[in-house]
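Numbering (the numbering used here), first residue to last: -11 to 65.
Below is the structure:
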(Lines of atoms letter the chains of each structure in order from A and count residues from 1; the text may use other names and numbers.)
(Lines give C-alpha, C1' and ligand atoms only; values in the text may rest on other atoms or scores of the structure.)
Protein backbone atom coordinates (compact mmCIF):
# COMPACT_ATOMS: atom_id res chain seq x y z
CA UNK A 1 0.00 0.00 0.00
CA UNK A 2 1.49 3.37 -0.97
CA UNK A 3 2.24 5.97 1.69
CA UNK A 4 -0.42 8.62 2.16
CA UNK A 5 0.79 12.17 1.62
CA UNK A 6 -1.57 15.12 2.04
CA UNK A 7 -1.12 18.70 0.85
CA UNK A 8 -2.68 21.87 2.25
CA UNK A 9 -1.97 25.01 0.20
CA UNK A 10 -2.11 28.77 0.20
CA UNK A 11 -0.83 30.94 -2.62
CA UNK A 12 2.57 31.16 -0.92
CA UNK A 13 3.21 27.77 0.68
CA UNK A 14 2.05 24.18 0.76
CA UNK A 15 2.12 22.19 3.98
CA UNK A 16 2.91 18.54 3.25
CA UNK A 17 1.79 15.97 5.84
CA UNK A 18 2.94 12.34 5.89
CA UNK A 19 0.71 10.70 8.53
CA UNK A 20 2.78 7.51 8.72
CA UNK A 21 5.71 9.53 10.08
CA UNK A 22 3.70 11.42 12.69
CA UNK A 23 4.61 10.63 16.32
CA UNK A 24 1.77 12.79 17.72
CA UNK A 25 4.05 15.03 19.76
CA UNK A 26 1.48 17.85 19.30
CA UNK A 27 4.29 20.31 18.46
CA UNK A 28 2.23 21.76 15.61
CA UNK A 29 -1.00 22.02 17.59
CA UNK A 30 0.65 23.55 20.67
CA UNK A 31 2.59 26.12 18.66
CA UNK A 32 0.04 27.11 16.02
CA UNK A 33 -3.48 25.96 16.99
CA UNK A 34 -5.09 28.38 14.52
CA UNK A 35 -3.66 26.22 11.72
CA UNK A 36 -3.29 22.74 13.22
CA UNK A 37 -6.49 21.51 14.86
CA UNK A 38 -7.21 17.78 14.82
CA UNK A 39 -10.80 18.41 15.92
CA UNK A 40 -11.82 20.02 12.61
CA UNK A 41 -11.66 19.02 8.95
CA UNK A 42 -9.38 19.72 7.28
CA UNK A 43 -7.14 19.60 10.32
CA UNK A 44 -4.50 21.79 8.62
CA UNK A 45 -5.67 25.28 7.61
CA UNK A 46 -2.55 27.17 6.46
CA UNK A 47 -4.53 30.25 5.47
CA UNK A 48 -4.96 31.01 9.20
CA UNK A 49 -1.35 32.14 9.72
CA UNK A 50 1.39 34.16 8.10
CA UNK A 51 3.69 32.08 5.91
CA UNK A 52 6.82 32.81 7.97
CA UNK A 53 5.15 31.65 11.19
CA UNK A 54 3.81 28.55 9.48
CA UNK A 55 7.23 27.66 8.06
CA UNK A 56 8.85 28.10 11.47
CA UNK A 57 6.42 25.74 13.22
CA UNK A 58 6.53 23.13 10.45
CA UNK A 59 10.34 23.10 10.47
CA UNK A 60 10.16 22.26 14.18
CA UNK A 61 8.18 19.06 13.58
CA UNK A 62 10.21 16.44 15.49
CA UNK A 63 9.26 13.49 13.27
CA UNK A 64 9.49 15.17 9.88
CA UNK A 65 5.85 14.31 9.20
CA UNK A 66 5.25 17.95 8.29
CA UNK A 67 7.23 19.79 5.65
CA UNK A 68 6.87 22.88 3.49
CA UNK A 69 6.78 23.19 -0.28
CA UNK A 70 6.98 26.75 -1.57
CA UNK A 71 3.99 27.97 -3.52
CA UNK A 72 0.66 26.36 -4.20
CA UNK A 73 0.50 23.59 -6.70
CA UNK A 74 -0.78 20.74 -4.64
CA UNK A 75 -4.47 20.21 -4.16
CA UNK A 76 -5.89 20.68 -0.69
CA UNK A 77 -7.12 17.50 0.92
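Idealized CB from N, CA, C, for every residue including glycine.
Because the structure is a prediction, the values reported are computed rather than measured.
Boundaries of the beta strand (DSSP E) around residue -5: -6 to -3. For residue 42 against residue 30, the beta-carbon gap comes to about 14 Å, at or over 8 Å, which does not count as contact. Per DSSP, reduced to three states, the secondary structure at residue 55 is strand.
In summary, residue 22 is exposed, with fewer than 16 beta-carbon neighbours lying within 10 Å of its beta-carbon over all protein chains present. Cβ atoms of residue 4 and residue 12 stay farther apart than 8 Å, at about 17 Å.
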